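Worksheet for the structure shown next.
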Amino acid sequence: MAVAASVLAYFDRENAGQCGSCFNGTAAMAAVAGALRDGAATAEDLARLRRWSVMLRGRGACATLDAATNMAASLLDQFPHAVERHLDNACQPCRLGAFRADRPYEVEPV
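Residue numbers are given in numbering that gives the first Met the number 0: position 29 of the sequence shown equals residue 28, and the series is strictly consecutive.
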């Protein structure tokens with residue numbers, strides 16, 4: 000869950016900000032994944048994430064939004080038990096903040 004949240008946060012930070020669907024869509028998906036990691040997501044949040052993972056695909060000018068939707072769809076489809084465990088706030092390492100990082104994929108200055 001923490002990896003998916005970090006990857007979606009990366010797409011949110013690193014998108015070009017030129018397409019509204021990408022700018023807003025990556026932020027929304029990252030927010031739900033972060034809330035899921037932190038045990039704060041609701042069933043409605045998951046329904047929205049599932050809908051966005053389908054409806055936003057192909058709407059960006061580049062493949063950034065598609066990559067983010069694929070990550071969200073893979074999370075929901077391939078790891079349903081982990082998603083459920085996080086929805087119930089039952090993952091102790093995530094609940095204790097073991098996997099939080101400010102910018103785990105930040106590009107270092109050259």
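Built from N, CA and C at the ideal position, the CB exists for glycine as well. All of these numbers come straight from a predicted model, not from anything done at the bench.
For residue j and residue i, the rounded distance between their alpha carbons
i: N69; j: S52; result: 7 Å
i: A32; j: M0; result: 7 Å
i: H85; j: Q17; result: 33 Å
i: L64; j: F78; result: 21 Å
i: R47; j: A29; result: 12 Å
i: A89; j: T41; result: 14 Å
i: A22; j: A71; result: For clarity, residue 22 is Phe in the given sequence; the question names Ala instead. If you take the alpha carbons of F22 and A71, they lie about 16 Å apart.
i: R50; j: A34; result: 17 Å
i: A81; j: Q91; result: 12 Å
C-beta atoms of residue i and residue j nearer than 7 Å
i: S20; j: R58; result: yes
i: L45; j: G24; result: no
i: N8; j: L74; result: First, the residue type needs correcting, since residue 8 is Ala and not Asn in the sequence shown. Their beta carbons are not under 7 Å apart, which means A8 does not touch L74 by this criterion.
Per-residue burial, residue i [other beta carbons within 10 Å of its own, 16 or more giving buried]
i: E13; result: exposed
i: R36; result: buried
i: D11; result: buried
i: C93; result: buried
i: L95; result: exposed
i: A60; result: exposed
CA nearest to the CA of residue i, picked from the options
i: A39; options: R49, A1, D87; result: D87
Residue i beta carbon near the ligand COA (any heavy atom closer than 6 Å)
i: A67; result: The ligand COA is absent from the structure shown, which contains no ligand whatsoever.
**Prompt:** At what residue ranges does the segment 29–108 contain a whole run of the alpha helix (DSSP H), taking only runs of 4 or more?
**Reply:** Taken in chain order, the unbroken stretches of alpha helix (DSSP H) that lie wholly in the segment 29–108 and span 4 residues or more are 42–54, 63–77, 79–86, 91–94.
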